[in-house]
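Take a look at the structure set out below.
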Amino acid sequence: MPQRRVVTGRSQEPRQRFAEELRLLRAERGVSLKGLAEELGWDASNFGKMESGRTLGSPEVVEALDQFYGTPGLLLALWELAVGDPSQFKEQYRRYMVLEAEAVSLWHYAASSPPGLLQTAGYAREALAVGWIEGAELEQQVEARVGRRELLEGDDSPMFRVILSEAVLRTSLRDPAAWREQLEHLVEAAERPNITLQVLPFSAGPHGLMNTSVKFLRLPDGRTVAYTENDLRGELVEENASVELLLRRYDAMRDLALSPAESRKFILRMLEEVPCESST
């Protein structure tokens with residue numbers, strides 16, 4: 339079969355094409371981001387992120403844009419293609435990533451490794467390489483993971499609470515310099531006003547999430563969804579009763595964790611234990 343001829347000259351990559359069409363349609367309509375926000379009732383920064391490719395938005399927002407621009411179904415079809423695009427994140431994360439970008443607040447419990455939103459490039463590279471990813475695919479995944487940190491930066495960033503099992507801080511990287519950088523990044527992150535970081539020490543004993551890393555997303559419509567994962571698979575949990583059970587376990591575990599101030603001191607003590615690089 340002959341290669342498909344590119345007619346429009348626009349991007350053939352689904353995520354970029356979606357953002358491209360959004361920019362083009364707004365330019366043709368001659369409306370500003372602020373004006374678009376006033377017309378549709380969503381925040382202007384959300385539309386800006388969609389047009390830059392940083393987020394895909396929710397299907398409700400996209401449907402409203404389709405109606406506003408008079409393109410019934412076009413943008414929603416492009417959105418569906420972008421959501422299913424495998425170029426940045428593995429299949430099990432796609433739906434979660436869309437929801438994460440829309441969340442107004444996030445709660446995480448990390449059982450064995452720092453959450454992706456707080457990982458340095460050095461940590462992400464070594465952790466992903468353990469899964470036998472290498473070469474260009476490895477660098478693509480590292481770039482995508484580190485790029486997620488933008489979600490926690492800026493004036494409109496969501497509130498983020500994370501509880502780290504002590505196991506996260508005891509499982510160091512093989513590269514002492516990269517491990518030091520990761521710990522320093524956690525300390526720095528804990529000082530930001532939108533981030534609350536706590537450590538759950540081994541002395542807290544058994545709890546309801548010992549073997550489960552979990553993430554909670556509170557969405558603009560008031561719903562809370564959860565995402566549980568291990569090394570083999572991840573599962574998006576949207577059923578209310580199941581989410582509520584996970585939340586109760588999370589709350590009980592949070593009562594056992596160190597305070598944010600004590601947690602910061604704990605990480606600083608871990609930093610002191612990292613071997614210094616040789617000066618020779």
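With the sequence shown counted from 1, adding 338 to any position gets you my numbering. Ideal placement from N, C-alpha and C gives every residue a C-beta, glycine not left out. For clarity, every value in this text was computed on a predicted model and none was experimentally measured.
Going by C-alpha positions, A595 is about 15 angstroms away from L585. Cα atoms of L455 and V369: separation of roughly 33 angstroms, rounded to the nearest angstrom. For G454, there is no enclosing alpha helix (DSSP H), since its DSSP letter is neither H nor E. Within the same chain, H446, Y565 come within 6 angstroms of K553 by CB-CB distance, once the 5 residues on both sides are set aside. Going by C-alpha positions, F604 is about 8 angstroms away from V537. If you check the CB distance, M591 and H523 do not come in under 8 angstroms. Distance from the CA of D593 to the CA of V399, rounded to the nearest whole angstrom, comes to 37 angstroms. Spanning the alpha carbons of P558 and E376 requires a straight line of approximately 17 angstroms. DSSP places A462 in no beta strand (DSSP E) but in the uninterrupted alpha helix (DSSP H) bounded by 459 to 467. Of all C-beta pairs linking the segment 349 to 356 to the segment 378 to 394, three or more are shorter than 8 angstroms, placing the two stretches in contact.
In the structure shown, the three-state DSSP call for L502 is strand.
Per DSSP, G572 lies in no alpha helix (DSSP H) segment; the continuous beta strand (DSSP E) that holds it begins and ends at 572 to 575. In this model, R499 and L444 are separated by some 6 angstroms (Cα to Cα).
For G485 and A579, the gap between their C-alpha atoms comes out near 33 angstroms. Residue burial annotation: G460 is buried, with at least 16 other C-beta atoms found within 10 angstroms of its C-beta.
In the DSSP annotation of this structure, the continuous segment of the beta strand (DSSP E) that includes Q536 starts and ends at 533 to 538.
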